[in-house]
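One structure is given below, encoded as structure tokens.
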Ligand code: BTN
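Residue numbers (the working numbering): 98 to 344.
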């Protein structure tokens, strides 16, 4: 899926494309636009982690506004995951591509992209949203706990340039975003579930205060992960990291 998308501004280097989006939003920018960088000096990951943007990788943030309440607007992270999956499937065998709750892109079961959504209030009562996506096209961080991969590892030819990858990603994001606006989150949840990694499998959910073990059953109407606990009860996970045996 691809649609006409907001304009793209590409930089050689930024501290963080999400930080730049926030600065623009706080200065009153109301137009939607992509902000991308070939290198980030202070890339941000989820839950306060840092995010490395190695040479040849893509760091991009869509700055946009919405009149949806914050909890609903956060569903855009699933829209972003589906767009990243479309991008991956343009270059890598589709059966290797999956998404992991809440919004990681996996190739061959290892993380190839991460998504960080930030938002804030605007004077007109709307919200600004910064949907940040980091894609490992060429290099990935080395971490035993969070094994990563790259597009290049799964391709016989050189991976796309960051510019080419973003033009595909932005078109795919727009198509999924339009579906979200017209058909609601259920259409996104359906698409996400078709590509989901680990449904029906045991996992541990690492939450801010505890770790919970269970079987991942799917996502609720608001995007929360449904975890079946050993006693049969369902626990809804709304924030955290999920680890399966293999990813
Ligand atoms: C994660 O922890 O998995 C989320 C990583 C998000 C990284 C992207 S790169 C583009 C944008 N700018 C940032 O500083 N972070 C996001």
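Even for Gly, the Cβ is constructed at its ideal location relative to N, Cα and C.
Please determine, among 129, 116, 131, 284, the residue with the shortest C-alpha to C-alpha distance to residue 138.
116
Going by beta-carbon coordinates alone, are residue 210 and residue 202 separated by less than 8 Å?
yes
Indicate the three-state DSSP secondary structure (helix, strand or coil) for residue 261 in the structure shown.
helix
Give the list of continuous alpha helix (DSSP H) stretches no shorter than 4 residues that lie fully inside the segment 260 to 330.
282 to 292
Residue 176 lies in the alpha helix (DSSP H); which residues open and close that run?
173 to 186
Using the three-state DSSP reduction, which class does residue 114 fall into: helix, strand or coil?
helix
Measuring only from the beta carbon, is residue 156 closer than 7 Å to any heavy atom that is part of the ligand BTN?
yes
May I ask whether a heavy atom of the ligand BTN can be found less than 7 Å away from the beta carbon of residue 393?
Past the edges of the chain, shown from 98 to 344, lies residue 393, and the structure says nothing about it.
With a 10 Å radius around its C-beta and 16 neighbouring C-beta atoms as the bar for buried, classify residue 275 as buried or exposed.
exposed
Decide yes or no for the touch test of the segment 123 to 130 against the segment 163 to 176: beta carbon pairs closer than 8 Å, at least 3 of them.
no
May I ask whether a heavy atom of the ligand BTN can be found less than 7 Å away from the beta carbon of residue 246?
no
Can you tell me whether residue 198 sits near the ligand BTN, meaning its C-beta is under 7 Å from at least one heavy atom of the ligand?
no
Let's test the definition: count the other Cβ atoms within 10 Å of the Cβ of residue 114 and tell me whether it reaches 16, buried, or not, exposed.
buried
Anticipated Cβ contact below 8 Å, residue 160 with residue 227, distance rounded:
6 Å
Please state the DSSP three-state secondary structure of residue 210.
strand
Given that a residue counts as buried once 16 or more other Cβ atoms are within 10 Å of its Cβ, and exposed if not, what is residue 123?
exposed
Below 6 Å CB to CB, which residues in the same chain sit around residue 288 once its five sequence neighbours on both sides are set aside?
179
Residue 170 lies in the alpha helix (DSSP H); which residues open and close that run?
167 to 170
Closer than 6 Å by C-beta to residue 197: which residues in its own chain qualify, once you throw out the five before and the five after it? Chain order, please.
203, 294
Between residue 186 and the rest of its own chain, which residues show a CB-CB distance below 6 Å, the 5 nearest in sequence each way excluded?
194
Please state whether DSSP places residue 249 in a helix, a strand or coil.
helix
For residue 192, three-class secondary structure by DSSP
helix
Since I believe residue 313 is in contact with residue 326 (beta carbons under 8 Å), could you give me their beta-carbon distance rounded to a whole number of angstroms?
Incorrect: roughly 11 Å between the Cβ atoms, too far for contact.
Are the segment 145 to 165 and the segment 215 to 225 in contact at 8 Å, needing three or more beta carbon pairs?
yes
Segment limits, beta strand (DSSP E) that includes residue 130
130 to 137
Could you name the residues that DSSP lists as bridge partners for residue 160?
130, 227
Considering only C-alpha positions, which residue in the set 213, 151, 321, 263 is nearest to residue 144?
213
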